[in-house]
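Report on the structure given below.
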Amino acid sequence: MTHPSTRRTVLLATGASALAAGCSKYGDSNDSGSSSVQASGGQELAKTADIPVGGGKIFKKEKVVVTQPKKDEFKAFSAICTHQGCTVSAVADGTINCPCHGSKYHIADGSVAGGPAPKPLPAEQIDVQGNSIRLA
């Protein structure tokens, strides 16, 4: 015996499908840029000269942002906003900025500088040797 679909059933099924589809972009795919798998350790991200003092650079594929708060001091953080999972889009005026809802993080420690972000950006491990910055 089949039951006619109710509005609630259709909405629940549609919502579950949308949620599954939305979450799938964070799976283990190996396509260009949509993978949640981070780059392997040892991969060179940049030269130290590529990271401006008082600023930083976002590596979207690796989902990492590297900053240089002070001369020759390099830090790395996840490029995924802790508010709703958007990728940060800019580093300017001493903050790492998310385009989705305006969250901002300090370049020195990843702590929240403003916006709805509930917690700091997680630190990432890098290795700086000579003029090369690599994922650790």
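Sequential numbering of the sequence shown, starting at 663, is according to the working numbering.
Idealized CB from N, CA, C, for every residue including glycine.
When the Cα atoms are used, PRO784 and GLY756 turn out to be separated by approximately 17 Å. Within its own chain, the residues whose Cβ lies closer than 6 Å to the Cβ of LYS737, once the five positions on either side in sequence are excluded, are THR729, listed in chain order. With respect to VAL726, ALA741 sits close: the two C-beta atoms are nearer than 8 Å. Here GLN791 is bridged, per DSSP, to SER794. Taking every protein chain shown into account, the CB of VAL715 has fewer than 16 other CB atoms within 10 angstroms, so this residue is exposed.
Boundaries of the beta strand (DSSP E) harbouring ILE720: 717 to 721, taken from the DSSP string.
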